[in-house]
Amino acid sequence: MSDAYEIAFNLDPFHNDANEDPDGDGLTNLQEFQRGTNPRNPDTDGDGVPDGIDPKPLVANHRPVAGTGSLASQALSFDGNDFVQVPSSASLNLQSALTLEAWIFADGTPANQQGIMGTWDDNNGPFRTYLFWIQSGRLEFLISPSFARPTDTIAFPVNRWVHVAATYDGAFARLYRDGTNISSIAT
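This note's numbering applies: residue 660 is where the sequence shown begins, and numbers increase by one.
The structure is reproduced here in structure tokens:
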């Protein structure tokens, strides 16, 4: 790192601090220098995605994508018309088994067809479409081509964090709320 860079960002040019991470974003000072990001700001571009997992840490409002980074101690906030789009990938083509999980805090009764995550493929073929969503106020997991739909029997809880999960093992689609299996259907 250049002395000018260290001075500009209030680092110590007389101390070997290349491996330190003063902003806690998962990047060392040297990595911040190489990327051109601010070692004192965990989100240089201000888009809500920490520099350490942001694929474009100098471009604000770039949507987060799947990766190996961690969003521990963080959350995405949606107001009803927001979404995260992940580029198409062979890893999303379900052929045998799948587990989907999320923590959700609904501050009001969810509207109809509130997606949590899923894929959609109108083509017939070996890949399955799956939708994990809140349908008619209830948690539901839909999987094609059988369109098995394990569905919660109660309305989705509001004003508290709820852990939800959906699994598919090649034979059954299962739905979980707060660690309890609430519905299972053969596919």
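Virtual Cβ for every residue (Gly too), placed ideally from N, Cα, C. The model shown is predicted, which means the values in this text are computed figures rather than measured ones.
For A807 and G707, the rounded distance between their alpha carbons: Translated into positions along the sequence shown, residue 707 becomes position 48. Translated into positions along the sequence shown, residue 807 becomes position 148. Distance between the alpha carbons of G707 and A807 is about 36 Å.
I666 versus R694: straight-line alpha-carbon distance, rounded: The count along the sequence shown starts at 1 and reaches residue 666 at position 7. The count along the sequence shown starts at 1 and reaches residue 694 at position 35. Taking the straight line joining both Cα atoms gives about 17 Å.
Are the stretch 752-771 and the stretch 813-831 touching by the rule of at least three beta carbon pairs closer than 8 Å? With a cut-off of 8 Å, the stretch 813-831 and the stretch 752-771 count as touching, because enough Cβ pairs lie within range.
N678 - DSSP class collapsed to helix/strand/coil: By 1-based counting over the sequence shown, the position of residue 678 is 19. The DSSP-derived three-state label of N678 is coil.
Pairing CB atoms from the stretch 786-803 with CB atoms from the stretch 824-840, are three or more of them under 8 Å? They touch, by the three-pair rule.
Please list, in chain order, all residues of the same chain as E679 whose beta carbon is under 6 Å from its beta carbon, the five residues on each side excluded. In the sequence shown, counting from the first residue as 1, residue 679 sits at position 20. Contacts found: N688.
Bridge partners - I844, DSSP secondary structure assignment: Mapped onto the sequence shown, residue 844 falls at position 185. A832.
Could you tell me which residues DSSP puts in a beta bridge with A761? Position 102 of the sequence shown, counting from 1, holds the residue named residue 761. Answer is V823, bridged to A761.
Boundaries of the beta strand (DSSP E) in which R797 is found, first to last residue: Taking the first residue of the sequence shown as 1, we reach residue 797 at position 138. In this chain, the beta strand (DSSP E) harbouring R797 covers 797-802.
Between the C-alpha atoms of W831 and S755, what's the straight-line distance to the nearest angstrom? By one-based count along the sequence shown, residue 831 stands at place 172. By one-based count along the sequence shown, residue 755 stands at place 96. Contrary to the premise, residue 831 reads as Phe rather than Trp in this sequence. Whole-angstrom Cα-Cα distance: 11 Å.
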